[in-house]
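Residue numbers are given in the UniProt record's numbering: position 77 of the sequence shown equals residue 77, and the series is strictly consecutive. Every residue gets a Cβ at the ideal spot worked out from N, C-alpha and C, and that includes glycine.
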Amino acid sequence: QEIKNATSAEEINNLKDLLLSEITNLRNQKSTAAKLNDLLSQAANKNTYQALEALLQQIRELSATQAYKDQQAQINELEIKLQNLDPTKYQAGINQDIEEQLKNNGVQLSDLDPPTQENLKKLKNGEITEPTQVQALKTQVQTQIGKKGAEKELAKLTSAVQTALKSQNKSQIKKVKADLLKFIHSDNIYWQEQKDQAEKLLKDLEKNSLTA
């Protein structure tokens, strides 16, 4: 319907780009959910630390997706099982995983709010060892890192839009537009919380660009 109402070739192309991006995202979501279900099925039958940890590493890579959140309870059970198999190894693994998440999201410790910094300190120092509490704290820390990472990504996109509009460089505008569409239709749940702002940036780019 929106394509029918479009009044120019430019508007039609913009709507087509949005539609294609959304279709791609829906396919990716289905693929992610199927992959996660398969990994969970395999993990349920593993009883050694090495075998279970290898699968949980793959599962953790999906932690920013809706599919992961939907299966959070089952994943936590597997994490607790892994911790009980070797608490010392698990503690070292937590520290490594959180450092990796901070790096991947471009987030510094100082970017996090004081309560999250305190929880992160407790996790790293092994002050909390009760499995259920460990999972609750880990989830809280990872959520805040994800949210802060999304804010930083949006800030970068905002700056990129401003630079592209100032230069009116065709290839630069095309790249920024692609990055915005990727952000808008990503299955990253933290990016989705910033979706409205990203859509405003896209409209601003399309409205004020002479070459979009």
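Give me the Cα-Cα distance between residue 143 and residue 180, rounded to the nearest whole angstrom. 22 Å
Nearest to residue 96 by alpha carbon, out of 150, 60 and 167? 60
Tell me, please, whether the segment 128 to 141 touches the segment 167 to 182 by the rule of three or more beta-carbon pairs shorter than 8 Å. no
Within the continuous alpha helix (DSSP H) that includes residue 171, where are the two ends? 170 to 184
Grouping DSSP H, G and I as helix and E and B as strand, with all else coil, what is residue 65? strand
Flag this pair as touching only if the segment 103 to 113 and the segment 40 to 50 have three or more C-beta atom pairs under 8 Å; answer yes or no. no
CB-CB under 8 Å to residue 120, same chain, minus the five flanking residues each way: which ones, in chain order? 98, 109, 112 and 141
Within 10 angstroms of the Cβ of residue 210, are there 16 or more other Cβ atoms? Answer buried if so, exposed if not. exposed
Inter-stretch contact (C-beta, 8 Å, three-pair minimum) for the segment 65 to 76 and the segment 29 to 42: yes
For residue 107, the first and last residue of its enclosing alpha helix (DSSP H): It is not in any alpha helix (DSSP H) - residue 107 carries neither H nor E in the DSSP assignment.
Are there 16 or more other CB atoms within 10 angstroms of the CB of residue 53, so buried, or fewer, so exposed? buried
Does the segment 172 to 186 come within contact of the segment 126 to 137, defined as at least 3 CB pairs closer than 8 Å? no
Under DSSP, the alpha helix (DSSP H) around residue 126 begins and ends at which residues? Per DSSP, residue 126 belongs to no alpha helix (DSSP H) and is neither H nor E.
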